[in-house]
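Chains as they are written, first to last, in the numbering used here: chain A, 2 to 114; chain B, 1080 to 1190.
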């Protein structure tokens, strides 16, 4: 049963600390998406990759967020320095070809105090 | 710009039908999607409809699309307590690369 995995599932950190979230897409999928979900803003697309190349990261605060795909089996989202307003659930999703059929991971719940 | 709107909340009794509505603005969307999110989990693709169709049925789920009014609905027949979740509609951009999600409709099913 192929699934998207994300680590860690929960992260509590203090303001100013670096946070790295990891995602393993489904084997064979060539698109990877990072989303952030909050009560106030709903689901926001932060960045997405196709064949490991970043295609759009316009939804991401550039000064503190960065997203990479070091290889086809790993996507990372890094926040440095973290701020309380970054508290949210971060989802990774993967797909194949065009982006509509996306398979979501369980999310990383981030709390920045 | 793209915008997808949904009502926030729907409450039904077990066994009744549920209808969740969605309006969208991008008439060039190729596909429209329904995703389900259960508590503490990621979104799960339920079904989708191609923009040149007006109806799609998949077991208890029926999707209706009115392109003229840019209105999409999801009907769940014989709603069960396990259907309680947040339902998101989404439209793809015209290149099929990205999805724009609505704010989600929380469905509560009462026994």
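Note that beta-carbon positions come from the ideal geometry of N, C-alpha and C, so glycine has one too.
- Taking the beta carbon of residue 105 of chain A as reference, the chain B residues within 9 Å of it are 1114, 1116, 1120, 1121, 1122, 1123, 1124, listed in sequence order.
- In the structure shown, residue 96 of chain A adopts extended strand secondary structure according to DSSP, grouped into three states.
- Contact between residue 89 of chain A and residue 103 of chain A fails: their C-beta atoms lie close to 18 Å from each other, not under 8 Å.
- Taken through DSSP and simplified to helix, strand or coil, residue 1190 of chain B comes out as coil.
- Under the Cβ distance rule, residue 46 of chain A counts among the residues neighbouring chain B, one pair being separated by less than 9 Å.
- By the criterion of a C-beta distance shorter than 6 Å, residue 1101 of chain B is surrounded in its chain by 1085, 1151, 1168, 1181, once the five residues flanking it on both sides are discounted.
- Looking at the DSSP output, residue 76 of chain A bridges to A:24.
- It is roughly 42 Å from the alpha-carbon of residue 21 of chain A to the alpha-carbon of residue 1156 of chain B.
- Less than 9 Å separates the beta-carbon of residue 114 of chain A from that of residue 15 of chain A.
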